[in-house]
Each structure stands twice: as structure tokens, then as C-alpha cells.
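Working notes for the structure below.
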Amino acid sequence: MLNLMRKHARNWLMKIILGIIIVVFIFYFGSMGDRQRAERIAMIDGKPIVYADFQREYQKLVDVYRQRFGQGVTDEMLKTLNLKQQALDNLINQAVVLKKAEAMNIEVTEEEVKTVILSYPGFQRNGAFDQWTYEQTLRSNKMTPDEFETVQKTMLISMKVEDLIRGGVRVSDQEVHEIYRMQNEKINIDFIQISPKTFTGGIKTAPADLEGFLKAHETQFRIPEQVQIKYLAFMGQDYAAASKVSDADVADYYERHKDQWTKDKKVQPLTEVKDKIAADLRLVKGMYAASDEAKKAHDTIYQEENFDAYSAQKKLTVRTTGLFALNAPPPEFRTMADFGKLVSGLQKNEISRVLQGEKGYYVIMLVDRKVPYLPSLKAIEPEVEKQYRQTEANRLAQTEAGALLARLKKGEGLDAVAREKGLKVKETGLFQPGSAVPALGSSLELTEALFQVSEKKPYPEQAFLVEGNYVIIRFKERGKSSDAEFAAQKDAIAKYLEQQKKNETVKAWIEGSKAALIKEGRLTYTRDFKDL
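Residue 666 in this note's numbering sits at position 255 of the sequence shown, and the numbers go up by one each step.
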């Protein structure tokens, strides 16, 4: 069922990437809510949004990204996607949309819900809705028809609200032409570079300078809090072998996920994939068993304060780390967003709650803590001096670049100023803005400035730090755009731009509605995001 959900979530993923804030609930794999307390994380007009729903939404997003991008998605990549924030935003945004829908008298009929369910591919056999498949699929995902129909009704209401907001969005010909120009028009610029390295040799250092620099930048040199822990690991794989999976379980899973098992565009027979399916199902059961064992261990150790004795009795391996910074934990804990905060809150010899990782569950105990401290200048003088020289050289180069740009904007010639300072004027040649600038490199601020300079305004407002050098650019020419090419691309650009404006309009409307509800005291957050 998880893969069925994944398959039909692919198009929704693209909407998420494009910034469409719609919550579409189809299925949730398993019942994580049974394992979490129904803690409130927010309230809207007295109605709670609970932690269990947040966990389900988060897991759904993880599954969607893994299915969409395959094995190339690492845990570190998932962390950078900030999926927990996305999950929370999705739940809050959905609640806001539904609340606004009530005020707008937007409703969905039972017939509309029925039409959606009957047309859903996951419930069809041979192109027609199949009641048995529908009921079996819901049952395997621990959902009742009433619950699923409520989810569909919520989805349809959200879509109606969105369509209403999008309906008034229009795009002008001028906006379309501006996008075309930005995407296709080329530019040629002259530039000079001021390198901080040319100032390094003239920088003198004195003990007082270094002491002052260390004090002003103590966060840069401070050694953060370090901790040492020991822990028990309960890995799903270790319990998978003892998990029993029947042939009927395998066959049922295969029948509902045939599209997953293809080779050369043909569905593989059950005999070829039976072992793989059985292994996957055992691993799922193994994770549940690992969770149960971790909870038993935690409860016993917490009550009896016998971490080592319990471990010896149950023949569990106790792993002990060296000292590590809270922002650089051991690999198995790096995907846990709240790990550092949790460990920081532990007292010596205190155990944590059960922690869930990607492959298993953990119970940890704090062994030792070393408080943060600032080393003396004597202990780190070479590093302080190095950083001082680099910072001072960078400041001098930036000041010089600003002074030269001011002279150029007053009318002095670029070639003359460059000769005076021993700098070389270089030319990029015609190129299309948006990627790296030829002979310079990449800079978002510089790229934005390329669209602002012109023959009438040849210099930007500032110099730019690009690849370690301060750069001053001068507009030279723009390549001529083709009217014929614009005419050929106009409709496609207009369609794309309209879609983007609609997305932004929906997002702005939701954010505005959310802000208003918060201001009125109708929407409140009852848990800090960092605790989720």
C-alpha cells in the first residue's frame, strides 16, 4: 500500500516543489498514532492539531521524496529539505484553508466525493472500480471508509478554495516579455578584480590586536559543549529474521503492488520477487519488534536505574562514544533533528526517551559532559592570527573596491583607474545571465545586478565578492533578442508565468489568513517546533 501511495503522490510532489500549499491526504502507512501520545501541537478555533498527525504527514513526505528520487536520496539530503517544517506547515495550512472555506460557505457534496473515489486508479481492476480492492486496501492501512471519505472531502474543499483564489490571476504581455528577456538576452561586461591577498603583506599584528580580535569573535573560536554517551541500539534488521511472514501475506502484497515489480517493462512473476517481498515485510515487522524491545528496556532501566545490569542480563551490546560536540553527533544520530537539544537536557547518568532512527531505535545515557569554553590566546594564537589577517585583508579590499567604484560613478574612466592601481580590465564576452559569469564565477547578487545595469547606468550600486575577490563590473552591450523567437515562445512563457503567479497568490493568501488568525488569537502553537 505504501508504494501505491507513493506512485500517485508523484504529481503532488512537483506541486510541493513549486510552492503550492495544498495538503492531499491519501494513505498513511501503518498507525504511528497508536505509538504516540495525542499531544496537541497547535489549536485553531479550539480544534487541536495533534502530534500523531504531524508524524504521519512527515513520514508521507519522506516516502514521497524517496519514491520520486530513488536510492539517490540520502538521509543528509532529506535533512536539508527541512521536511519536518514542511509537514507542520502542511497541517497548519490545511486547517487554515478549511477554516476559511467555512467562512466562504464552500462545500463538497457526497456525489463529488464518490466520483473521486470511483476514479482513483488504486481501487480499480481492469479499468473499473472494485469494491473488494477498495475495502481491502483501506483495511490494510487501518482506515475505515468513513475516515477515507472524510480525507477526500477535505482534499476537495482545499482544491475548491485554491481554484477560487487562482481564478483572478492574470499575466500581462509586458511581464511575459520581461521573463523572455531575462531567459534569452545576452550581456557583455567589463570588470576589474581587487584581491584581498594584495593587502596581506602590509598587515601588522600586535598582541593587543589579536586579543581584541579573539574577544570580538569568541563564538568563532569557542569550543562548544561536548558530551559522552553510552547507548543501546535496537535495529529493525536484527529482529527481522524472527518475524514471520506467510505466503498469503506475500501474495497479497504482490497483487496490490505489481507495478513495482517490473523488468524490461514487464511485470515479474511472483516466483521471482517472492523472497524480496518477504524480506521487506519481515523488516517492517522487525522495526515494530525493535520498537517494542526498546520501550521495554527504557521502562525497566528508568524504574530500576540498572542500565549496565539490564544490558548484561539481556545480552545487549552497550556502545560508548568518545566526547563529541552536540552539533556533530555520531552518524547514527545525525538525522535526528532534536538530538542535540535532547542530550543537552540530560543529567549525568540519566537516560533519554526511546529515540527513533532511520534503521532502528535507541536508548541513550549521558556519561560525561564538558562545558563550552574559550581557549586562551596563547593556546590558539596561530589560528587567531591567521583569521585576523584574512579578515583585515578582506576589509581593506572591500574598502578599496568601494572607493574605486565611487570614482567610476563620478565619471573617471575604468581603464585609467585600473592602470593607476595596477589592475587589468577584462571582458566576459556575450553570455546569458543566470549561471556562472565567464572568467569570474557564481554570485547571486552579481547575477541580479546584470539585469539592472544598462548603457545609461553602466555601474551597479556596489562591488561584489566573487570567488574570493571584490569585483567591479561595467556594462558594455546587450545582444539583440529575436522577435520571431519571442513570438514562438510567448504562449509557453505566459502559461508558465501564470502558473507561478497563481502559486504565489495561493501561498500569500494562506500566509495572510494564517497571520490574521494568529493576531486574533484563533490560531495558537502549543509546542515549540524544535521539540517536534
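Note that beta-carbon positions come from the ideal geometry of N, C-alpha and C, so glycine has one too.
Suppose the cutoff is 7 Å on Cβ atoms and the five residues either side in sequence are ignored; what does the same chain contact list for residue i look like?
| i | result |
| --- | --- |
| residue 920 | 576 |
| residue 606 | 808 and 880 |
| residue 942 | 749 |
| residue 517 | 568, 571 and 572 |
| residue 660 | 692 |
| residue 912 | 580 and 582 |
Please tell me whether residue i and residue j are closer than 8 Å, where the distance is taken between their beta carbons.
| i | j | result |
| --- | --- | --- |
| residue 841 | residue 598 | yes |
| residue 890 | residue 589 | no |
| residue 555 | residue 667 | no |
| residue 681 | residue 652 | no |
| residue 397 | residue 883 | Residue 397 is absent from the model: the chain starts at 412 and stops at 943. |
| residue 848 | residue 839 | yes |
| residue 692 | residue 729 | no |
| residue 637 | residue 781 | yes |
| residue 850 | residue 835 | no |
| residue 875 | residue 896 | no |
| residue 698 | residue 768 | no |
| residue 762 | residue 776 | yes |
| residue 774 | residue 708 | yes |
| residue 600 | residue 885 | yes |
| residue 751 | residue 738 | yes |
| residue 499 | residue 940 | yes |
Can you give me the C-alpha to C-alpha distance between residue i and residue j, rounded to a whole angstrom?
| i | j | result |
| --- | --- | --- |
| residue 604 | residue 870 | 14 Å |
| residue 529 | residue 466 | 29 Å |
| residue 779 | residue 804 | 41 Å |
| residue 582 | residue 594 | 17 Å |
| residue 726 | residue 745 | 26 Å |
| residue 901 | residue 892 | 13 Å |
| residue 473 | residue 937 | 24 Å |
| residue 852 | residue 723 | 59 Å |
| residue 468 | residue 915 | 23 Å |
| residue 846 | residue 671 | 38 Å |
| residue 713 | residue 531 | 48 Å |
| residue 461 | residue 451 | 4 Å |
| residue 623 | residue 719 | 49 Å |
| residue 735 | residue 817 | 49 Å |
| residue 756 | residue 740 | 15 Å |
| residue 608 | residue 878 | 13 Å |
| residue 684 | residue 678 | 10 Å |
| residue 664 | residue 674 | 18 Å |
| residue 513 | residue 814 | 60 Å |
Whose CA, out of the options, lies closest to the CA of residue i?
| i | options | result |
| --- | --- | --- |
| residue 632 | 798, 594, 718 and 452 | 798 |
| residue 887 | 469, 518 and 602 | 602 |
| residue 625 | 911, 520, 787 and 585 | 787 |
| residue 931 | 450, 452 and 457 | 457 |
| residue 502 | 757, 491 and 566 | 566 |
| residue 568 | 708, 523, 754 and 739 | 523 |
| residue 487 | 858, 878 and 743 | 743 |
| residue 909 | 579, 830, 675 and 819 | 579 |
| residue 863 | 498, 515 and 592 | 592 |
| residue 866 | 832, 820 and 659 | 820 |
| residue 584 | 898, 911, 917 and 918 | 898 |
Which residues in the same chain as residue i place their Cβ atom closer than 6 Å to its Cβ, once the five residues preceding and following it in sequence are excluded?
| i | result |
| --- | --- |
| residue 784 | 634 |
| residue 545 | 534 |
| residue 772 | 645, 701, 702, 705 and 765 |
| residue 794 | none |
| residue 484 | 476 and 477 |
| residue 731 | 641 |
| residue 696 | 654 |
Looking only at its chain, what residues have a beta carbon closer than 8 Å to the beta carbon of residue i, apart from the 5 residues adjacent to it on each side?
| i | result |
| --- | --- |
| residue 800 | 611, 614 and 616 |
| residue 507 | 455, 921, 924, 925, 928 and 934 |
| residue 511 | 572 and 924 |
| residue 796 | 616 and 621 |
| residue 733 | 639 |
| residue 721 | 708, 711, 712, 715 and 727 |
| residue 541 | 534 and 535 |
| residue 586 | 908 |
| residue 792 | 621 |
| residue 519 | 564, 567, 568 and 571 |
Next item on the list: Decide if the stretch 553-568 is in contact with the stretch 856-871; the criterion is three or more beta carbon pairs, one per stretch, under 8 Å apart.
Entry: no
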